[in-house]
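Asks: The sequence shown maps to residues 4 to 484 in our numbering.
Dropping a structure here in structure tokens format, bear with me for questions.
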Amino acid sequence: MTTKNNNWDYAASVESTAHIKLNKKYALYIDGKWVEPSSKKYFTTHNPHNEERIAEIADANDHDVDLAVKAADRAYKEVWSKISASERGKYIFRIARLMQEHARELAVIESLDSGKPIRESRDIDIPLACNHFFYYAGWADKLEYAFPNQKKEALGVAGQIIPWNFPLLMAAWKIAPALATGNTVVLKPAETTSLTALKLAEIIHASGLPPGVVNIVTGYGHTGAAIVSHPKVAKIAFTGSTAVGKLIQRSIAGTTKKATLELGGKSANIIFDDAPIDQAVEGIINGIFFNQGHVCCAGSRLFVQENVAEKVIRKLKHRMQSLQIGNPLDKNTDIGAINSAEQLSIINKYIKIGIKEGSEFFQSKCVLPKKGYYCAPTLFINVAQSSVLTQEEIFGPVLSIQTFRTVDEVIQKANNSPYGLAAGVWTDKGSKIFNLTSKLKAGVVWANTYNKFDPSSPFGGYKESGYGREGGLHGLAAYLK
Ligand code: ADP
4 MTTKNNNWDY AASVESTAHI KLNKKYALYI DGKWVEPSSK KYFTTHNPHN EERIAEIADA
64 NDHDVDLAVK AADRAYKEVW SKISASERGK YIFRIARLMQ EHARELAVIE SLDSGKPIRE
124 SRDIDIPLAC NHFFYYAGWA DKLEYAFPNQ KKEALGVAGQ IIPWNFPLLM AAWKIAPALA
184 TGNTVVLKPA ETTSLTALKL AEIIHASGLP PGVVNIVTGY GHTGAAIVSH PKVAKIAFTG
244 STAVGKLIQR SIAGTTKKAT LELGGKSANI IFDDAPIDQA VEGIINGIFF NQGHVCCAGS
304 RLFVQENVAE KVIRKLKHRM QSLQIGNPLD KNTDIGAINS AEQLSIINKY IKIGIKEGSE
364 FFQSKCVLPK KGYYCAPTLF INVAQSSVLT QEEIFGPVLS IQTFRTVDEV IQKANNSPYG
424 LAAGVWTDKG SKIFNLTSKL KAGVVWANTY NKFDPSSPFG GYKESGYGRE GGLHGLAAYL
484 K
């Protein structure tokens, strides 16, 4: 079989699934044991590439969440808060090493369940997830140096709710700092991508972590809501949509619960005329098309300086034609499957709106697989600032392009968004970069690169992109009082 694009055919190079171990059915991981959901209800997780069923996943209700939170509370009071910080660190190191040993299996399962290309899960998500555990393991017994002259204490039980775009990585972002700071955890993965979190539960179990320190409960929004409203949960760490973030804020208002919310984004990628254009084009592609645009900090609004706009757009269209779209497990694949039928229909709805609005429309002429949830990389050119395409998060491979003339103009346009998660600036001039990094209302500003992550660097947004920071020392502080 070959995958096709306009320029050439590649022989398929599909990663083997022979080495992965998946159960047909997954129960809830509570108090160090696999527990049947009290309702006996399970739901199916599908492979978005071929729509085939992969496994049945337990649907946790309020009672199950209550068991998990009580287990975490007991583990916090009786075990985790009593052992030394260096012991805590050893457990976290052990989890990191076991994850590395299972890296290949985790990468394949991630791509099967989420639709993201194996190249990304293998080279980015899984190594970064391991690195988060390594990084925070190192901090566990050094908190007094991280926060000198302050007496910091753990919060207790952290309720953590994560989305489907970086399933294992988000679990690592949440669990590693919580454990390092002495908290215990109840984590809920997204309903369409529970598998790597459940594999992580197996790894955590194999590491010998005391029962109840990490509990993984699966389910839909109602399971998340039960975690948020549980009185014994001291902190909520949520990554997901702004709409659900607002519901969570409302639900915890008036309580003593702490929260970090990492929500939506509509990030600006800004190309100046003195930028290295070919590199910038790669940065645009990386910013919005890799991972199918399923990145909360995706560079989904492109601003190009007017005098190079024609050249940038021509090169961008040319590069888009060479992107390989198809089987996420194929090592040639650049763009995998959209995570779910629901998400694909949301993306298609926005594409229809864009076409109706009348801005110039371009899609790469690739052959999409007949089965599965696929979307061709899409451009809308000369989009109005007021357009839905520039204002709303689409969470798909859809890029809206605007031009600008001056620095002040682009700062104003880029900041004209309800969101403020990230931005990219492409220019040869350091002074321009420093000017923009201080004026753009975005939590992260990348210069001459895009979507670069490191466990030591904090991440989080302004405005409706949420509050609080994850990663680095900031990520530790969010789990301490
Ligand atoms: P997305 O649009 O990225 O799917 P959501 O905010 O809908 O984002 O989902 C992110 C996570 O939040 C998922 O794990 C989902 O199950 C969970 N979730 C959805 N609704 C709620 C809710 N009302 N309370 C808590 N968690 C929720």
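C-beta atoms are modelled at their ideal positions from N, C-alpha and C, and glycine is treated no differently.
1. At 4 residues or longer, and completely inside the region 306-361: list those alpha helix (DSSP H) runs for me, N to C.
2. Run through the DSSP bridge pairs and tell me what E363 is partnered with.
3. Where do the N-terminal and C-terminal ends of the beta strand (DSSP E) with A262 fall, by residue?
4. Buried or exposed: which applies to G215, given that a residue is buried once 16 or more other Cβ atoms fall within 10 Å of its Cβ?
5. Looking at C-alpha atoms only, which residue of L443, T196, M173 is the closest neighbour of I341?
6. Report yes if the C-beta distance between I384 and I316 is below 8 Å; otherwise report no.
7. Quick one, which of G399, A157, A246 has its alpha-carbon nearest S468's?
8. Does the Cβ of T5 have 16 or more other Cβ atoms within 10 Å, making it buried, or fewer, making it exposed?
9. Got a sec: does the ligand ADP put a non-hydrogen atom nearer than 7 Å to the Cβ of K145?
10. Can we say the region 151-162 touches the region 98-111, given the rule of at least three CB pairs closer than 8 Å?
11. Evaluate the contact criterion for the region 197-211 versus the region 356-369: three or more CB pairs, one atom per stretch, below 8 Å.
12. Within 10 Å of its beta-carbon, does P192 have 16 or more other beta-carbons around it, so buried, or fewer, so exposed?
13. Less than 8 Å between the beta carbons of E131 and S270, yes or no?
14. In terms of alpha-carbon separation, which member of N418, L439, Y453 lies closest to K466?
15. Starting from G478, trace the alpha helix (DSSP H) in both directions and tell me its first and last residue.
16. Tell whether a beta-carbon distance below 8 Å holds between L319 and V284.
17. Count the other CB atoms within 10 Å of the CB of T259; is the residue buried (16 or more) or exposed (fewer)?
18. For the candidate residues D457, S459, K444, T440, whose alpha-carbon lies nearest to that of N451?
19. Does the region 125-143 touch the region 107-116, meaning 3 or more C-beta pairs lie closer than 8 Å?
20. Below 7 Å, is the gap between the Cβ of Y138 and the nearest heavy atom of the ligand ADP?
21. Excluding the 5 residues preceding and the 5 following R56 in the sequence, name in chain order all residues of the same chain whose CB lies nearer than 7 Å to its CB.
22. Per DSSP, H49 is paired with what?
23. Cβ-heavy atom distance between P170 and the ligand ADP below 7 Å?
24. Out of I121, V82, Y470, which has the shortest C-alpha to C-alpha gap to S16?
25. Tell me, please, which residues DSSP counts as bridged to N272.
26. Kindly list the residues whose CB is nearer than 6 Å to the CB of R97, restricted to its own chain and excluding five residues on each side of it in sequence; keep chain order.
27. So, D65 versus K44, is the Cβ gap smaller than 8 Å?
28. Quick check: does the Cβ of P166 come within less than 7 Å of any heavy atom belonging to the ligand ADP?
29. Decide yes or no for the touch test of the region 224-232 against the region 80-97: beta carbon pairs closer than 8 Å, at least 3 of them.
30. Compare the beta carbon distance of E511 and G222 with 8 Å and say whether it is the shorter of the two.
31. Can you tell me the Cα-Cα spacing of G118 and E18, whole angstroms?
32. Should V311 and V72 be called a contact, given that it needs their Cβ atoms to be closer than 8 Å?
33. Since A179 contacts F136 with CB under 8 Å, what's their CB separation in whole angstroms?
34. Given this structure, state the Cα-to-Cα distance separating L3 from Y79, to the nearest angstrom.
35. Give the C-beta separation of F275 and T430 to the nearest angstrom, bearing in mind that I take them to be a contact with Cβ-Cβ under 8 Å.
36. Out of curiosity, what's the CA-to-CA distance linking G224 and L203?
Replies: The short version:
1. 309-324, 344-360
2. I384
3. 261-265
4. buried
5. T196
6. yes
7. A246
8. At T5, the pLDDT of 43 sits below 50, so the modelled position is not reliable and the matter cannot be decided from this model.
9. no
10. no
11. no
12. buried
13. Sequence inspection shows Leu at residue 131; the Glu mentioned does not correspond to that position. No, they are not a contact pair.
14. N418
15. 475-480
16. yes
17. exposed
18. T440
19. yes
20. no
21. T47, H49
22. R56
23. no
24. I121
25. L305, G427
26. S210
27. no
28. yes
29. no
30. An answer regarding residue 511 cannot be provided, because it is not within the stretch 4 to 484 covered by the chain.
31. 13 Å
32. no
33. 5 Å
34. What is shown of the chain runs 4 to 484, which leaves residue 3 out entirely.
35. 4 Å
36. 21 Å
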